[in-house]
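> Just so we're on the same page, this note's numbering is the position in the sequence shown counted from 1, plus 313. Just so you know, even glycine gets a beta-carbon here, dropped at the ideal spot from N, CA and C.
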Amino acid sequence: MDIREIPHPRVLTEKEVAERLRVHRSTVSRYAKSGQLKSYLLGNRRLFKESDVWTFFDNLAAQNCVESEEK
Numbered sequence: 314m315d316i317r318e319i320p321h322p323r324v325l326t327e328k329e330v331a332e333r334l335r336v337h338r339s340t341v342s343r344y345a346k347s348g349q350l351k352s353y354l355l356g357n358r359r360l361f362k363e364s365d366v367w368t369f370f371d372n373l374a375a376q377n378c379v380e381s382e383e384k
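1) May I ask you to report which of helix, strand or coil DSSP gives L373?
2) Please work out which residues of its chain come closer than 8 Å, Cβ to Cβ, to S342, disregarding the five sequence neighbours upstream and downstream, and give them in chain order.
3) Which value, in whole angstroms, describes the spacing of the CA atoms of P322 and K362?
4) Since L354 is in the beta strand (DSSP E), which residue starts that stretch and which ends it?
5) What residue range is occupied by the uninterrupted alpha helix (DSSP H) comprising L325?
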């Protein structure tokens with residue numbers, strides 16, 4: 314199989330992640346630097362796999378739902 318035929322995950326910039334999650338870029342940076350949101354450094358650019366962003370979102374949403382129910 315040719316490598317060009319293998320589907321690759323979409324790669325997003327910090328700005329694109331912030332737009333999708335509707336948060337400020339500094340919030341995305343903080344989550345990434347803390348390790349909560351998986352990211353990849355290429356040179357001085359921090360990039361994200363779209364699938365990792367949605368996994369992070371689902372985990373954060375599930376955690377917040379549980380916390381809300383406990384209050």
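Taking the structure as given:
1) The sequence position of residue 373 within the sequence shown is 60, counting from 1. Taken through DSSP and simplified to helix, strand or coil, L373 comes out as helix.
2) Here residue 342 refers to the residue found at position 29 of the sequence shown. Excluding residues within five positions, the ones whose Cβ falls inside 8 Å are E327, R359.
3) Reading the sequence shown from its first residue, position 9 is the one you call residue 322. Reading the sequence shown from its first residue, position 49 is the one you call residue 362. So the alpha carbons of these two residues sit roughly 6 Å apart.
4) Here the question's residue 354 lines up with position 41 in the sequence shown. It spans 353 to 355 - the beta strand (DSSP E) in which L354 sits, taken as one unbroken run.
5) As a working mapping, residue 325 is identified with position 12 in the sequence shown. From DSSP, L325 is part of no alpha helix (DSSP H) but of the beta strand (DSSP E) over 324 to 326.
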